[in-house]
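Residue numbers (my numbering): 24 to 241. From the three backbone atoms N, C-alpha and C, an ideal C-beta is built for every residue, glycine too.
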Amino acid sequence: MFITQAPHPLLRTLTFETILPQPLGQFPSPPWLQELLKLHPESDPRLAQLPPREEIFKAYRQLLRWGGFKASGRSKPAAEYLDRTARTGQLPTINAAVDVLNAVSLQTGVPIGVIDLDLAQPPLHIDLGQAGEEYIFNRSGQEMHLEGLICLRDAQGPCANPVKDSQRTKTNENTKRTLTLVWSSLDCSAPAQLAYQWQQELLRQLGAEVREVEVKCL
24 MFITQAPHPL LRTLTFETIL PQPLGQFPSP PWLQELLKLH PESDPRLAQL
74 PPREEIFKAY RQLLRWGGFK ASGRSKPAAE YLDRTARTGQ LPTINAAVDV
124 LNAVSLQTGV PIGVIDLDLA QPPLHIDLGQ AGEEYIFNRS GQEMHLEGLI
174 CLRDAQGPCA NPVKDSQRTK TNENTKRTLT LVWSSLDCSA PAQLAYQWQQ
224 ELLRQLGAEV REVEVKCL
């Protein structure tokens with residue numbers, strides 16, 4: 024399995040596939056994972072080696088703006104939303120796959136996406152959203168405009184990005200196979216490398232099988 028990526032001067036996407044030991048509906052997050060949904064700046068010694076948090080956020084906003092997308096307000100990178108939410112209390116638990124993503128994204132400041140691979144139709148490709156493209160990102164039917172925004176797309180169209188993933192390919196109680204996307208800015212790559220490694224460590228700790236996925240830059 025591989026993903027293609029259109030040319031981009033700042034983007035390096037890190038991806039991997041996860042095969043879960045049972046469907047997500049039968050796979051609650053253990054207490055140690057739920058604890059990581061709180062903002063603990065010193066919860067892992069590797070975090071101390073990363074750039075300041077605001078510097079990481081700034082690098083990702085610049086990454087999203089390269090294609091003309093306005094990375095501000097509700098359209099900031101997803102990790103900034105998690106940070107803001109966690110400062111008022113613990114992030115809610117959703118399912119083991121999303122909780123791992125949210126925990127690592129919260130701690131590192133890196134926007135991360137996850138989709139149900141069995142709901143996506145290959146081929147998979149990463150490029151910028153085109154004029155008029157949009158998708159529904161939640162159960163209430165809210166739409167997000169994608170023009171100029173980095174997106175993962177399958178045969179049906181865009182399905183994930185560094186702000187909000189599509190409802191069409193989101194994980195659910197029947198999910199057994201996922202694709203994780205760690206969106207990395209070449210201007211600030213160390214946080215993404217840690218996020219990539221840390222997620223795989225946590226997923227293996229949960230008993231999941233992790234397989235690397237190649238991204239072929241065109």
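Option in the options with minimal Cα separation from residue i
i	options	result
residue 129	202, 50, 217	217
residue 158	33, 38, 182, 241	182
residue 167	219, 152, 222	152
residue 145	35, 192, 160	192
residue 127	222, 184, 99, 150	222
residue 163	53, 189, 212	189
residue 24	180, 148, 220	148
residue 179	229, 143, 94, 74	143
residue 28	91, 219, 229, 150	150
residue 56	99, 74, 235, 116	116
residue 3	224, 228, 219	Given that the chain is displayed from residue 24 to residue 241, the structure contains no residue 3 and the question cannot be resolved.
residue 54	26, 236, 228	228
residue 99	73, 187, 72, 32	187
Own chain partners of residue i with C-beta closer than 6 angstroms, once the 5 adjacent residues on each side are dropped
i	result
residue 41	201, 226, 231, 233
residue 76	132
residue 52	116, 119, 122
residue 92	171, 172
residue 94	84, 87, 88
Same chain only: Cβ atoms within 8 angstroms of residue i, ignoring 5 sequence neighbours per side
i	result
residue 155	170
residue 199	42, 43, 45, 46, 47, 141
residue 70	64, 130, 131, 217
9 angstroms Cβ cutoff met for residue i and residue j
i	j	result
residue 101	residue 136	yes
Close Cβ partners of residue i (< 7 angstroms) along its chain, the five nearest in sequence each way excluded
i	result
residue 114	60, 105, 108, 125, 129
residue 194	47, 118, 120, 121, 137, 139, 201
residue 197	46, 48
Nearest-angstrom Cβ-Cβ length linking residue i and residue j, presumed shorter than 8 angstroms
i	j	result
residue 214	residue 79	5 angstroms
residue 118	residue 50	7 angstroms
residue 253	residue 238	Outside the modelled stretch of the chain, which goes from 24 to 241, sits residue 253, for which no answer is possible.
residue 82	residue 211	4 angstroms
Contact the region 80-91 vs the region 191-210: 3+ CB pairs below 8 angstroms: yes
Counting pairs of beta carbons, one from the region 113-124 and one from the region 162-181, are three or more of them closer than 8 angstroms? By the C-beta criterion, the region 113-124 is judged not to be in contact with the region 162-181, since fewer than 3 inter-stretch pairs fall below 8 angstroms.
Between the region 135-152 and the region 55-69, do at least 3 Cβ pairs fall closer than 8 angstroms? Because the criterion of three Cβ pairs below 8 angstroms is not met, the region 135-152 and the region 55-69 do not touch.
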